[in-house]
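S.K.: In order, the protein sequence lines correspond to chains A and B.
Counting in the working numbering, the first sequence runs without a single skipped number right up to 192 at its last residue.
Counting in the working numbering, the second sequence runs without a single skipped number right up to 384 at its last residue.
Beta carbons: idealized from backbone N, C-alpha and C, even for Gly.
Number of protein chains: 2
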Amino acid sequence: MNCNYPGFITHVRRYVDLTQSDVEIVESYFKPLELKRREHLISEGQVCTSNFFVEKGCIRMYYVNEKLIEQTTQFALETWWLSDYFSFAKQLPSQYFIQAVEKSTVLAIDYQLQDKLFSEVPQMERYFRIIMQRALAASQLRTKLMYQYTKEEMYRHFNTSFPQFFQRVPQYMIASYLGLTPEYLSELRRKG
Amino acid sequence: MNCNYPGFITHVRRYVDLTQSDVEIVESYFKPLELKRREHLISEGQVCTSNFFVEKGCIRMYYVNEKLIEQTTQFALETWWLSDYFSFAKQLPSQYFIQAVEKSTVLAIDYQLQDKLFSEVPQMERYFRIIMQRALAASQLRTKLMYQYTKEEMYRHFNTSFPQFFQRVPQYMIASYLGLTPEYLSELRRKG
DNA sequence: AATAAAAATTAAGCCAGTTTAAGAAATAAG
DNA sequence: CTTATTTCTTAAACTGGCTTAATTTTTATT
């Protein structure tokens, strides 16, 4: 395949057809970002001007709560999109940080350029329609898990569903994402 | 405006342009449903074949938990879309019920017809891309509130942000949606 | 290899919110 | 208007998970 971002183009082609010339146009709209571990894509107070696609690595979104603790609200691994969609859609300041959890490669599409891309390659509007719907489905599923599981069950579910994740991400971030304290997560791990 | 579903067409036109002939095509794809209070649109085990737009009234999505209690996960008022997007996108059985909370008018677009609509009126693909992104933004906001607020704060926030809602919806549904027991909600209301 | 900084563990005390159970009030149905 | 059903309230006992604080382990830096 003749393209610069094979992970990304393969992903797009799972949902829509792109000719070779489409691929070249599409790629020209995306900016690759090489991120060191713990490097930030955006910080609280900035407008989230881009939507981010994870080519390689892992990023997270978090905010800092009133006790000055980082509360992780989302992770994104390879082939996942992540953004503060409120800030992105309205171009208003974000309350979040978006940060690389480990060394990562991310593709960024700018809010300002999106519409131009859609008019040049209409399939990309379809691609994003499908991606947004899929993200919404994932979000509904997660909401259901948060209602139906106890904190202990959240841990066990997450641990058995994504065991590799525990190797890649510090425990305190996982604890925060699951809605429990690091101390309690530690207790649950000991229990086995 | 010359159309059958003015609430809906006005909403679409907030996001994309439609000619009069577009309007006629679009409307032909939607099925109006008149619902009595407590009438169901879908039940657990069925495939959620439609995406629902609330013209008038209020609908909710809920599942029945292991204690046989109805757990409400979402409400939709006028101009909001609601569906089980996992079941809808994959055409697999749903774990949810979708029900009218009060007498309602809903427009349904069928999964099977969606793609035909998008090829006839491409602006509708754009409309749904925007709607899905907006729903995702709302979902991210809600997730943040669930992390940062205590149950008492959830109640107070909801109560001051949507006071009319308390008049329209039984308290036990609201309690469930906010993630607290009806007993505790009652106690909070007494406290004022 | 030595030092500093960050992350994870352990344990005791505590409390926000649940559970249980019974009764009162509101709404719907005949 | 009467009865049945659904919804809401009250209160006491209970507990899952948090807080606090001190210690150990791991990771990063010089």
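Using DSSP's beta-bridge definition, name the partner residues of Ile251(B).
M.R.: Residue 251(B) sits at position 59 when you count from the first residue of the second sequence. According to DSSP, which records beta bridges pairwise, Ile251(B) is partnered with Ala268(B) and Ala292(B).
S.K.: Applying a beta-carbon distance threshold of less than 7 angstroms, which residues of chain A neighbour Glu317(B)?
M.R.: Your numbering for residue 317(B) matches position 125 in the second sequence. In chain order: Glu125, Arg126 and Arg129.
S.K.: With a threshold of 8 angstroms between beta carbons, is Gln197(A) in contact with chain B?
M.R.: Nothing can be reported for residue 197(A), as the shown portion of chain A is limited to 1 through 192.
S.K.: Under 8 angstroms, Cβ to Cβ, is there at least one residue of chain A near Asn257(B)?
M.R.: Locating residue 257(B) in the second sequence gives position 65, counting from the first residue. So, interface residue.
S.K.: Could you check where the beta strand (DSSP E) with Lys223(B) kicks off and where it finishes?
M.R.: As a position in the second sequence, residue 223(B) is number 31, starting the count at 1. Counting along the chain, the beta strand (DSSP E) containing Lys223(B) begins and ends at Phe222 to Leu227.
S.K.: If I follow the unbroken beta strand (DSSP E) through Ile174(A), where does it start and stop?
M.R.: Here residue 174(A) corresponds to residue number 174 of the first sequence, with the count starting at 1. Careful: Ile174(A) lies outside any beta strand (DSSP E), inside the alpha helix (DSSP H) at Gln171 to Leu178.
S.K.: In or out: Ser213(B) buried (at least 16 other Cβ within 10 Å) or exposed?
M.R.: Against the second sequence, residue 213(B) aligns to sequence position 21. By the neighbour-count rule (16 or more Cβ atoms within 10 Å), Ser213(B) is not buried but exposed.
S.K.: Could one say the Cβ of Tyr277(B) lies closer than 8 angstroms to chain A's Cβ atoms, at least one of them?
M.R.: Residue 277(B) sits at position 85 when you count from the first residue of the second sequence. For Tyr277(B), the answer is yes, since a Cβ of chain A falls inside 8 angstroms of its Cβ.
S.K.: Per DSSP, which residues does Asn243(B) bridge with? Please list them.
M.R.: Mapped onto the second sequence, residue 243(B) falls at position 51. Paired residues: Ile301(B).
S.K.: Closer than 7 angstroms between beta carbons: that is the criterion. Which residues of the stretch 147-172 of chain A meet it against chain B?
M.R.: Of all residues in the stretch 147-172 of chain A, Tyr147 and Gln148 have a Cβ within less than 7 angstroms of some Cβ in chain B.
S.K.: Out of Phe350(B), Tyr303(B), Gln304(B) and Gln315(B), point me to the one whose CA is closest to Asp115(A)'s CA.
M.R.: Locating residue 115(A) in the first sequence gives position 115, counting from the first residue. Residue Gln315(B) is the option with its Cα nearest to Asp115(A).
S.K.: Compute the Euclidean distance between the alpha carbons of Thr342(B) and Arg206(B), then round it to the nearest angstrom.
M.R.: Within the second sequence, the letter at position 150 stands for residue 342(B). Within the second sequence, the letter at position 14 stands for residue 206(B). If you take the alpha carbons of Thr342(B) and Arg206(B), they lie about 36 angstroms apart.
S.K.: Which stretch, first to last residue, makes up the alpha helix (DSSP H) that contains Leu147(B)?
M.R.: The structure shown has nothing for residue 147(B), since chain B only spans 193 to 384.
S.K.: Buried or exposed: which applies to Met173(A), given that a residue is buried once 16 or more other Cβ atoms fall within 10 Å of its Cβ?
M.R.: In the first sequence, residue 173(A) corresponds to position 173, counting from 1. Under this definition Met173(A) is a buried residue.
S.K.: What distance in whole Å lies between the Cβ atoms of Tyr85(A) and Gln71(A), which are believed to be in contact at a cut-off of 8 angstroms?
M.R.: For the purposes of this step, residue 71(A) is identified with residue 71 of the first sequence, where counting begins at 1. For the purposes of this step, residue 85(A) is identified with residue 85 of the first sequence, where counting begins at 1. Contact doesn't hold; Cβ gap of about 18 angstroms is too wide.
S.K.: Please tell me whether Val293(B) and Ile251(B) are closer than 8 angstroms, where the distance is taken between their beta carbons.
M.R.: Reading the second sequence from its first residue, position 101 is the one you call residue 293(B). Reading the second sequence from its first residue, position 59 is the one you call residue 251(B). The answer is yes: Cβ separation under 8 angstroms.
S.K.: Indicate whether at least one CB of chain B lies closer than 8 angstroms to the CB of Val136(A).
M.R.: Residue numbering aside, residue 136(A) sits at position 136 when the first sequence is read from its first letter. Residue identity check: residue 136(A) is Leu in the sequence provided, not Val. Closer than 8 angstroms to some Cβ of chain B, the Cβ of Leu136(A) qualifies, so yes.
S.K.: Less than 7 angstroms separating the Cβ of Ile301(B) from some heavy atom of the ligand FMN?
M.R.: No copy of the ligand FMN appears in this structure; indeed no ligand is present at all.
S.K.: Whole angstroms is fine: what's the gap from Gln164(A)'s alpha carbon to Ala327(B)'s?
M.R.: As a first step, residue 164(A) must be located in the first sequence, where it is residue number 164. As a first step, residue 327(B) must be located in the second sequence, where it is residue number 135. Roughly 30 angstroms separates the two Cα atoms.
S.K.: Please classify Glu258(B): does DSSP put it in a helix, a strand, or coil?
M.R.: Residue numbering aside, residue 258(B) sits at position 66 when the second sequence is read from its first letter. DSSP places Glu258(B) in coil when its eight states are reduced to three.
S.K.: Is it true that the stretch 232-246 of chain B meets the stretch 282-292 of chain B, where meeting means three or more beta-carbon pairs spaced less than 8 angstroms apart?
M.R.: The stretch 232-246 of chain B, when compared against the stretch 282-292 of chain B, does touch it at the 8 angstroms Cβ threshold.
S.K.: Would a check of beta-carbon distances place Pro374(B) closer than 8 angstroms to chain A?
M.R.: Looking up residue 374(B) in the second sequence gives position 182. False, the Cβ-Cβ gap to chain A never drops below 8 angstroms.
S.K.: Distance cutoff 8 angstroms, beta carbons only. Does Gln91(A) sit that close to anything in chain B?
M.R.: Residue numbering aside, residue 91(A) sits at position 91 when the first sequence is read from its first letter. Chain B, which has no Cβ nearer than 8 angstroms to the Cβ of Gln91(A), makes this no.
S.K.: Quick one: Cα of Glu247(B) to Cα of Thr105(A), how far?
M.R.: Translated into positions along the second sequence, residue 247(B) becomes position 55. Translated into positions along the first sequence, residue 105(A) becomes position 105. Spanning the two alpha carbons is a distance of roughly 44 angstroms.
S.K.: Taking the alpha helix (DSSP H) that Ser139(A) falls in, what are its first and last residues?
M.R.: Here residue 139(A) corresponds to residue number 139 of the first sequence, with the count starting at 1. Looking at the DSSP string, the run of the alpha helix (DSSP H) that includes Ser139(A) is Gln123 to Gln148.
S.K.: When DSSP labels each residue in this structure, what does Leu188(A) get in the three-state scheme?
M.R.: Taking the first residue of the first sequence as position 1, residue 188(A) is located at position 188. Of the three classes helix, strand and coil, the one that applies to Leu188(A) here is helix, per DSSP.
S.K.: Using the three-state DSSP reduction, which class does Leu82(A) fall into: helix, strand or coil?
M.R.: Counting from one through the first sequence, the residue named residue 82(A) turns up at place 82. In this structure, Leu82(A) counts as strand in the three-state DSSP scheme.
S.K.: Applying the criterion that 16 or more other CB atoms from any shown protein chain within 10 Å of the CB defines a buried residue, is Lys223(B) buried or exposed?
M.R.: For the purposes of this step, residue 223(B) is identified with residue 31 of the second sequence, where counting begins at 1. Counting Cβ neighbours within 10 Å, Lys223(B) comes out exposed, since fewer than 16 surround it.
S.K.: Go to Phe358(B), then tell me how far its alpha helix (DSSP H) extends in each direction, as first and last residue.
M.R.: The sequence position of residue 358(B) within the second sequence is 166, counting from 1. Pro355 to Arg360 is the span of the alpha helix (DSSP H), which, as asked, contains Phe358(B).
S.K.: Per DSSP, which residues does Gln263(B) bridge with? Please list them.
M.R.: On the second sequence, residue 263(B) is found 71 positions in, with the first residue counted as 1. Answer by DSSP bridge pairing, in chain order: Tyr255(B).
S.K.: Please work out which residues of its chain come closer than 6 angstroms, Cβ to Cβ, to His11(A), disregarding the five sequence neighbours upstream and downstream, and give them in chain order.
M.R.: The residue labelled residue 11(A) in the question sits at position 11 within the first sequence. Within the same chain, His11(A) has close Cβ partners Thr79.
S.K.: Output needed for Arg229(B): all residues of its chain with C-beta closer than 7 angstroms, excluding positions within five of it in sequence on either side, in chain order.
M.R.: As a first step, residue 229(B) is located in the second sequence; it is residue number 37 there, counting from the start. The answer, listed in chain order, is Ala292, Glu294 and Lys295.
S.K.: Note down, in chain order, each residue of its chain lying with its Cβ closer than 8 angstroms to the Cβ of Gln304(B), except the 5 sequence neighbours on either side.
M.R.: Counting from one through the second sequence, the residue named residue 304(B) turns up at place 112. These residues qualify, in order along the chain: Thr241.
S.K.: Please name the residue or residues paired with Pro93(A) in a DSSP beta bridge.
M.R.: Within the first sequence, residue 93(A) is the residue found at index 93, counting from 1. Answer is Val47(A).
S.K.: From Ala89(A) to Ile322(B), what does the alpha carbon distance come to, in whole angstroms?
M.R.: As a working note, residue 89(A) is residue 89 in the first sequence. As a working note, residue 322(B) is residue 130 in the second sequence. Cα to Cα, Ala89(A) sits roughly 9 angstroms from Ile322(B).
S.K.: So is Pro32(A) in contact with chain B if we call contact Cβ pairs under 8 angstroms?
M.R.: The residue given as residue 32(A) occupies position 32 in the first sequence. No, its Cβ sits nowhere closer than 8 angstroms to a Cβ of chain B.
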